[in-house]
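Peer 1: Can you keep this structure in mind? I'll have questions shortly.
Residue numbers (full-length UniProt numbering): 1 to 154.
Okay, here's the thing in structure tokens:
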């Protein structure tokens, strides 16, 4: 009980280092997943294959939607990975997953094995969380933010 209280009340769990390391790990994990999915759409399936798959799932404007989704996932994933424009990337990735949730997955139940929404839900809410709290200290955003604050103070 004492150990738990020390960890949670003013201890490790409340430290800014823990927060920033947690954000870094979350960004890295999300970034890798989104990069893989974006790369898959561009390279593994090819954009033509992705467009055909989107059309088969009745995605509106499948030709354009496939390019937009692949670009958001690849570029947004890279942005999360390095922590650059993280809030914008998080919002765009959330909206991308929101579209996938409603257009493709919601009617299939929760489990991904059945074509369900558990993966897009997890990726979407995690992206929204990153958009809400920012990249943390270990990011390009933090370095650029410090630099711009120093320049504006001069």
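The beta carbon of each residue, even a glycine, is placed where N, CA and C say it ideally should be.
Buried or exposed: where does residue 16 fall if 16 or more other Cβ atoms within 10 Å of its Cβ makes it buried?
Peer 2: Classification of residue 16: exposed, given that the 10 Å Cβ count is below 16.
Peer 1: Do the region 104-120 and the region 63-78 meet, that is, are 3 or more Cβ pairs less than 8 angstroms apart?
Peer 2: no
Peer 1: Output the distance between the C-alpha atoms of residue 95 and residue 73, rounded to the nearest integer angstrom.
Peer 2: 11 angstroms
Peer 1: When you compare only the Cα positions, how much space is there between residue 48 and residue 146?
Peer 2: 43 angstroms
Peer 1: For the putative contact between residue 30 and residue 103, defined by C-beta atoms under 8 angstroms, what is the C-beta separation to the nearest angstrom?
Peer 2: At roughly 21 angstroms, the Cβ-Cβ gap does not stay under 8 angstroms, so residue 30 and residue 103 are not in contact.
Peer 1: State the DSSP-derived secondary structure class of residue 141, mapped to helix, strand or coil.
Peer 2: In the three-state reduction of the DSSP assignment, residue 141 falls in the helix class.
Peer 1: For the alpha helix (DSSP H) that residue 96 lies in, which residues bound it at each end?
Peer 2: Note, residue 96: alpha helix (DSSP H), 86-100.
Peer 1: Return helix, strand or coil for residue 128, following the three-state DSSP convention.
Peer 2: helix
Peer 1: Using three-state DSSP, classify residue 57 as helix, strand or coil.
Peer 2: coil
Peer 1: Assign residue 46 to one of three DSSP states: helix, strand, or coil.
Peer 2: Helix, per DSSP.
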